[in-house]
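Here this note's numbering runs 14 ahead of the position in the sequence shown, where the first position is 1. In what follows, a single structure is set out as structure tokens and then discussed.
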Amino acid sequence: MAIIRCPKCAKSISDKHSQCPHCQSNVAELNAEQVQQLQREQRIKKQQMFMNHSFLALILFLGGFFCLYFLQPQEKTLQWYAYTSAIGIGCIWYLINRIILVTLKKKK
């Protein structure tokens, strides 16, 4: 008995299962081409998720930057800390997501 990944939901299942207990897809009836197609769809979904996260991170970064630039709060105030934190978190989050996207695209 070996542990494999379900081609549809990518969760761990036993190779003895004919049906995935998580997503209820019939694993035993899939041929190699269908398995590859499901894995391709999973990779695309994952890429889209990280692309959405990178857009949110960019919005957070730009929102903090524009608020800091246009509202010009005094240094060491709560607003100043909030805007600079938004810039830092957004920048780091964006960079991490972009690195993940590059590695996902190289796995083809």
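Ideal placement from N, C-alpha and C gives every residue a C-beta, glycine not left out.
Task: Buried/exposed call for Ile101, threshold 16 Cβ in 10 Å - done: For the purposes of this step, residue 101 is taken as the residue at position 87 of the sequence shown. Buried: at least 16 other Cβ atoms inside 10 Å.
Task: Val41 to Asp29 span [Cα, whole Å] - done: For this step, residue 41 is matched to residue 27 along the sequence shown. For this step, residue 29 is matched to residue 15 along the sequence shown. Those two C-alpha atoms are separated by around 9 Å.
Open item on the list: Restricting to runs no shorter than 3 residues, where is the beta strand (DSSP E) found entirely within the region 25-50?
Closed with: Fully contained in the region 25-50 are the following beta strand (DSSP E) runs of length 3 or more, in chain order: 26-28.
Task: Cβ-Cβ separation, Ser68 to Leu115 (assumed contact under 8 Å), whole Å - done: Indexing the sequence shown from 1 puts residue 115 at position 101. Indexing the sequence shown from 1 puts residue 68 at position 54. Their Cβ separation, rounded to whole angstroms, is 7 Å, which keeps Leu115 and Ser68 in contact under 8 Å.
- [ ] Kindly indicate the opening and closing residues of the alpha helix (DSSP H) around Cys128.
- [x] Because residue 128 is not part of the residues shown, which for the chain are 15 to 122, the question remains open.
TODO: Excluding the 5 residues preceding and the 5 following Lys121 in the sequence, name in chain order all residues of the same chain whose CB lies nearer than 8 Å to its CB.
DONE: In the sequence shown, counting from the first residue as 1, residue 121 sits at position 107. Excluding sequence neighbours, Lys121 sits near Arg57.
- [ ] Taking Gln50 as the reference, give the member of Ala24, Ser32, Pro35, Gln62 with the closest Cα.
- [x] Position 36 of the sequence shown holds residue 50. Gln50 has its Cα closest to that of Ala24, out of Ala24, Ser32, Pro35, Gln62.
Task: Supposed contact pair Cys105 and Phe64 - C-beta distance, whole angstroms, cut 8 Å - done: If you number the sequence shown from 1, residue 64 lands on position 50. If you number the sequence shown from 1, residue 105 lands on position 91. Taking 8 Å as the upper bound for CB-CB distance, Phe64 and Cys105 are not in contact here, some 16 Å apart.
Task: Residue burial classification, Asn66 (beta-carbon count within 10 angstroms, cutoff 16) - done: Counting from one through the sequence shown, the residue named residue 66 turns up at place 52. Counting the other Cβ atoms within 10 Å of the Cβ of Asn66 gives fewer than 16, which makes it exposed.
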